Ligand code: SAJ
C-alpha cells in the first residue's frame, strides 16, 4: 500500500519516517519546496533525536520520497497546522486546503485521516466537503480522525508506544484506520467516533492547562499569605488522591496554551472553567513581570542606582530551545519595554543568539546580578549555589524559594 502524508512538520515528518521504516511506501507532501528538497537529501529539517538516522535510511531505501504536490495513494494523512485567528478562533483553512488538494486523487477504498488538532466536527465538515464535490465516493471511502499525542524530543519512542484514539465517521472507517496504524503502533488503538476523538485531543491539553492554572493560582495565594507554595504542594501531594502540578511563569508552547481555545471558541457558555484557566495562566506571566519591575524599583529606591537584573531562561519549558508562545519571552519583553536593556542580563543556555536580545552566560549573569529572576527551570540552573545576598525571584522552583522571601 502507498500512503501520502500531507504536511512534513514536527508530527507529519516523524510519522511518515516511522511508517516508511515499517515497510509502507510513503509519499510526503509539503508546500515548502525547501523542506521537500532537504527531506529528499535525507536531512532532517526539525530537531528530533534519532529521527535523522532513520530518515537517511528510508530515503536511501526509496521507501520515503517528498513532493510539493499530493501523490496518488491508498491512504492520505492530513498533518498540517491549525492556528487560530482573530479572537482565538480556530483556523482550519490549512486542513481544508489539504483536503481539497487530495480530493481529485481519491478513489474507491481509500482511507483519509486527519491528525491535525481540530475543533469538534472538522472531520464531518471535510466529509461533507468531499462528498459534495465527489458524491460518487459516498460509502466508498473511509474517513477518520486520529490525533497525535507525542512529546517533542521523545517522538521516536512515543509514536510507537503511546496509545492512540481513532474515531471514524462510521465504524468501518475506524476499523480501516486502525488497520493502518497497527502496522507501526504498539500502544493500544482505542476506537470511537470522529467527534469524540477530536474532543479527546482538546480535552487532554485543556486538562493540563486547568491543572497548571490551579497550581499558578495557589502560587498567587501563597505569595500573599506568606506560604512557600513549593512546600505546600509537596505536602498536599502526600494525600493519596491529590496530584497538583507545579506553578511556573505561565503556560507556553504550541499545544497547551492553544488547544483550550478550540473548546472555548465553540462552547463559550459551557467552558467557563477552561476559559478561566487560560486567563489565569496568561495572567501569571503579567504578574511575574510586575513583580520583577516592583523589585527593580525597590532596589533603586534603597540603593540610589539601578539594579543589575538576571532574567534566567527564555524557552517555553525546561531544557529545550523552543521559544514559541513562551511566557518567559513575554516577561523579558515587558521588562525590557519598561526599563530598557541597560542593566538586564538575559540568559538562555539552550540557544546561541537571539534576534531581539543579546544573551549572557548564565553563570556570569547569576554572579553579577542584584536581582535574579528564574523564569525557566533549566537543568544548568540547578547547579548554581543559592545566593542569599541578592533578591531571587524563583518563579519556577529552581531552589523552591517562597515568592515573598
Ligand atoms: N508547565 C507548568 N507546570 C507543570 C507542567 C508544565 O507550568 O507542572 C508548563 C511548561 O513550563 C510549559 C507548558 O506548561 O510552558 C506546557 O508544557 P508541557 O510539557 O506540559 O506540554 P507540551 O506543550 O510540550 O506538550 C503537550 C503534551 N500534552 C500533554 O501532556 C497533555 C503532549 O503530549 C502533546 O502531544 C502536545 O502538548 C501536543 O502536541 O498537543
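Residue numbers (my numbering): 100 to 504.
For glycine and all other residues, C-beta sits at the position ideal for the given N, C-alpha and C.
Remember, predicted model here, so these are calculated numbers, not experimental data.
Limits of the unbroken beta strand (DSSP E) element including residue i
i, result
"residue 266", "263-267"
"residue 445", "443-446"
"residue 260", "From DSSP, residue 260 is part of no beta strand (DSSP E) but of the alpha helix (DSSP H) over 254-260."
"residue 101", "101-105"
"residue 191", "From DSSP, residue 191 is part of no beta strand (DSSP E); its letter is neither H nor E."
"residue 409", "408-411"
"residue 176", "174-177"
Through-space distance from residue j to residue i, alpha-carbon basis
i, j, result
"residue 235", "residue 242", "15 Å"
"residue 172", "residue 144", "24 Å"
"residue 360", "residue 413", "24 Å"
"residue 270", "residue 292", "8 Å"
"residue 505", "residue 283", "A query on residue 505 cannot be resolved here, the shown segment of the chain reaching from 100 to 504 and no further."
"residue 341", "residue 159", "51 Å"
"residue 185", "residue 364", "11 Å"
"residue 212", "residue 422", "30 Å"
"residue 386", "residue 127", "44 Å"
"residue 451", "residue 459", "10 Å"
"residue 194", "residue 334", "46 Å"
"residue 396", "residue 355", "34 Å"
"residue 187", "residue 358", "10 Å"
"residue 238", "residue 100", "21 Å"
"residue 362", "residue 370", "7 Å"
Inter-residue CB distance, residue i and residue j (contact presumed, cutoff 8 Å)
i, j, result
"residue 461", "residue 480", "7 Å"
"residue 456", "residue 445", "5 Å"
"residue 153", "residue 120", "6 Å"
"residue 415", "residue 352", "5 Å"
"residue 318", "residue 328", "5 Å"
"residue 392", "residue 438", "7 Å"
"residue 343", "residue 332", "5 Å"
"residue 372", "residue 410", "Incorrect: roughly 32 Å between the Cβ atoms, too far for contact."
"residue 205", "residue 229", "7 Å"
"residue 376", "residue 468", "About 33 Å separates the two Cβ atoms, so there is no contact after all."
"residue 130", "residue 167", "7 Å"
"residue 503", "residue 477", "Actually they are not in contact, since the Cβ atoms of residue 503 and residue 477 sit about 24 Å apart, beyond 8 Å."
Selected residue, minimal CA-CA separation from residue i, among the options
i, options, result
"residue 564", "498, 269, 489", "Here the chain comprises residues numbered 100 to 504, so residue 564 is not present and cannot be evaluated."
"residue 110", "156, 259, 223", "259"
"residue 197", "222, 208, 188", "222"
"residue 207", "465, 386, 240", "240"
"residue 383", "356, 182, 350", "350"
"residue 301", "165, 442, 366, 107", "366"
"residue 115", "131, 138, 130, 420", "138"
"residue 249", "169, 276, 264", "264"
"residue 305", "380, 257, 232, 290", "380"
"residue 430", "389, 217, 378", "389"
"residue 256", "500, 407, 148, 335", "148"
"residue 501", "436, 346, 286, 295", "346"
Host alpha helix (DSSP H) of residue i (start-end)
i, result
"residue 111", "111-120"
"residue 319", "293-324"
"residue 327", "First-last for residue 327: undefined, no H or E at that position."
"residue 392", "371-402"
"residue 154", "150-159"
"residue 507", "What is shown of the chain runs 100 to 504, which leaves residue 507 out entirely."
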